[in-house]
Amino acid sequence: MKLLSHRLCLLAGTLGLVLLLATGLSLGGASRAQAAVLLQTHWHIDCSRPGTACTEVQDPEEVFGEGYYVGHDEPSVLFYSSLPGSGNHMTYLLRLPTDPPGLSAGGNKAFNFQLHITFWLGMALCDTQSYPLQVSTCTPDSDRNIVDPAISPNHPGTAYMELQFYPPGFVSWPQGNSCDARQWCAALTIDSLSEDPVHGTVLNPTCAAQTGLEYVNFAFITRDGRAQAPANPVQSTLATFTPDPRRDLFMNSGDFVLVKLGDTPHGLRVDLFDLTTGQHGAMTASAANGFGQVKFAPAPSTECTNIPYDFHPMYSTSSEATRVIWAAHSYNIAFADEIGHFDYCTGPIDASGVCRGSEGTGSDLEPADSDDTACFAATASLRIQVSGCYGTNVGFDGTSYKPVWPDGNTRLHPTPILFSSPRTGLGDQQNYSRVAFESDTPRIEAADFNGQCNRDTGAGCAIVPNTDDGVPADFYPFFSMAHHGPSCLWLIGNDVPGLTTNDFGKTSEFGSLLKLTYLAFGGGGATLQRYNDFRQVLSSNPCPFLY
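Our numbering puts the sequence shown at residues 220 to 766.
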């Protein structure tokens, strides 16, 4: 029997569901009538739980509790342009990666779901009920929203959109992170933070138990552009997070997909055009699709109210100044690969999803440790029968940190994700003028959790993190570029012979430590500075995309 979701928080109060969780039954084992009831029961993404693909906050202890951490290792490429509109509409071309042949994994063989829980395209959005909650308005698509926290705490409330793509072949949503045995799917996700750092208040505990402090609007990309269930965290149900092959856009490995993002009168719209199959999917972050804000009501209130809301892009342009000031990363317009979650589990998995045997594989087999959580037996997988965990992997010894990334060996390793620099401007005819490479390894190496990195001074912080054995990880993926006809595409992984034309010095491309200014929680507007990232900004865009 499958374990229920490590990604979604099941609300107590419905006796049948509590018993279902306790007995470990899956939705697939329920009767048709029971399934219909379950699909109408409230669920939400719980960003405090291991294995979630949420935006990395700058201080997880402040949000989730003392000594608690959820890891999001996200090597990224950031895109900068001073062209009006570059912060709110753009077009990408991407090619979905393929997996190696066969059904077995382990040793030097790996599949996409073991390398990245998701990869995504990002953008900052307005949310007047989100951090820092000092002003009641946010003018969409405007650089008037740029407010340096070092100068003033009166930054408009900000959310972060991630258009997430989910690899096939492992455990299905909502239990896991695949939609299908062989096909990819995608979702429009928007993360907000219900926290007032100036006054030191957060959303009341009653509502936070229902939505989370870092709450997420979620909707799969559908072929008709309509959400299959409410997207907002107050009203979302199990159906919100259950793939529906009759309605959702499923894409094949190897397909070329044109991705268009842009503001509309009723919120950000995403369009995916599968150029290989001719299929199309869309989603608009609108109140009509069930998107909404969580009304900020701190204790002693117990109110938990959805405010129907059209989420619009926050900024006109994209630069170092167009930040989400509560996030660990410095970005606005970005591509990120969320790595570092998967590790093998050999041996029993208990009822709470914790590995009680060994982690790793081959010569790197060792007793399981505290980051081996959110685990599934091989029988739960849709296709690739492996037993593994989607925990935080702060030991930096899981599959993402092994030399099993794309390197041209397609018998054992996936092909790379290929993606273009976005184009913007009138008719999306202009390339972004500059790019940056950024890695948030200082945030995930922080001394609060494993003693390796001091975010106040930068001491002990490294681009390639140390494992829990005290030695550098075996591998860390890097971005490179390749020519595709007359144009250029980015890829992430290792050098791929015959494809890679410039790897920018491999991991050294991430540059030097970046100090960012944040608001101090409860500090009345006072600030603090932290090293959360490595970043290198290039003076030009070496990989422009030509149609």
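Ideal placement from N, C-alpha and C gives every residue a C-beta, glycine not left out.
A quick note: this is a predicted structure, and the numbers were derived from the prediction, not measured.
Count the other CB atoms, across all protein chains shown, that sit within 10 Å of the CB of Lys734; report buried if there are 16 or more and exposed otherwise.
With fewer than 16 Cβ atoms within 10 Å of its Cβ, Lys734 is classed as exposed.
Is it buried or exposed, Ile370, if we count other Cβ atoms within 10 angstroms and call 16 or more buried?
exposed
Is the stretch 644-659 in contact with the stretch 748-757, if contact means three or more CB pairs nearer than 8 Å?
yes
Could you name the residues of the same chain whose beta carbon sits closer than 6 Å to that of Leu584, not counting the 5 residues immediately before and after it, in chain order?
Ser577
Can you give me the C-alpha to C-alpha distance between Gln671 and Glu281, rounded to a whole angstrom?
20 Å
Three or more beta-carbon pairs under 8 Å between the stretch 708-723 and the stretch 629-638, yes or no?
Yes, the stretch 708-723 touches the stretch 629-638.
Determine the extent of the beta strand (DSSP E) in which Val513 is found, giving its start and end residues.
Gly511 to Val513
If you draw a straight line from the C-alpha of Leu468 to the C-alpha of Thr456, how long is it?
20 Å
Going by DSSP, which residues form a beta bridge with Phe475?
DSSP, once it has assigned bridges, lists Arg314 as partnering Phe475.
Ends of the alpha helix (DSSP H) at Thr430?
Pro424 to Thr430
Terminal residues of the continuous beta strand (DSSP E) containing Pro622?
It is not in any beta strand (DSSP E) - Pro622 carries neither H nor E in the DSSP assignment.
As a quick exercise: from Arg653, Leu491 and Trp624, pick the residue whose alpha carbon is nearest that of Phe384.
Leu491
Please list, in chain order, all residues of the same chain as Asp616 whose beta carbon is under 6 Å from its beta carbon, the five residues on each side excluded.
Thr686
Is the beta carbon of Pro368 closer than 7 Å to that of Thr736?
yes
Strictly by DSSP, which residues pair up with Arg488?
Gly481 and Thr503
Just tell me which of Ser520, Asp474 and Val390 has its CA closest to the CA of Gly607.
Val390
Quick check on the burial criterion: 16 or more other C-beta atoms within 10 angstroms. Buried or exposed for Thr242?
Residue placement at Thr242 is poorly supported in this model, since its pLDDT is 31, which falls under 50; the coordinates still yield a value, given next. Thr242 should be labelled exposed.
Determine whether the beta carbon atoms of Gly559 and Asn612 lie at a separation below 7 Å.
yes
Let's see if you can read the secondary structure: which residues bound the alpha helix (DSSP H) around Thr660?
Thr660 to Ile663
Take every Cβ of the stretch 514-524, pair it with every Cβ of the stretch 463-478, and state whether three or more of those distances are shorter than 8 Å.
With the cut-off at 8 Å, the stretch 514-524 and the stretch 463-478 do not touch.
Report the three-state DSSP secondary structure of Gly646 (helix, strand or coil).
Helix.
Could you have a look at Arg749 and say whether DSSP puts it in helix, strand or coil?
strand
Hey, is the stretch 371-382 in contact with the stretch 332-350, meaning 3+ C-beta pairs nearer than 8 Å?
Taking one beta carbon from each stretch, the stretch 371-382 and the stretch 332-350 have 3 or more pairs nearer than 8 Å; the two touch.
Less than 8 Å between the CB atoms is what I'm expecting for Lys402 and Met470, so what's the real figure, rounded?
Here the sequence assigns Gln to residue 402, which means Lys is not the residue at that position. Yes, Gln402 and Met470 are in contact; Cβ-Cβ is about 6 Å, under 8 Å.
Should Gly247 be labelled buried (16 or more other beta-carbon atoms within 10 Å of its own) or exposed?
Low confidence applies here, because Gly247 scores a pLDDT of 40, under 50, leaving its location unreliable and the question unanswered by this model.
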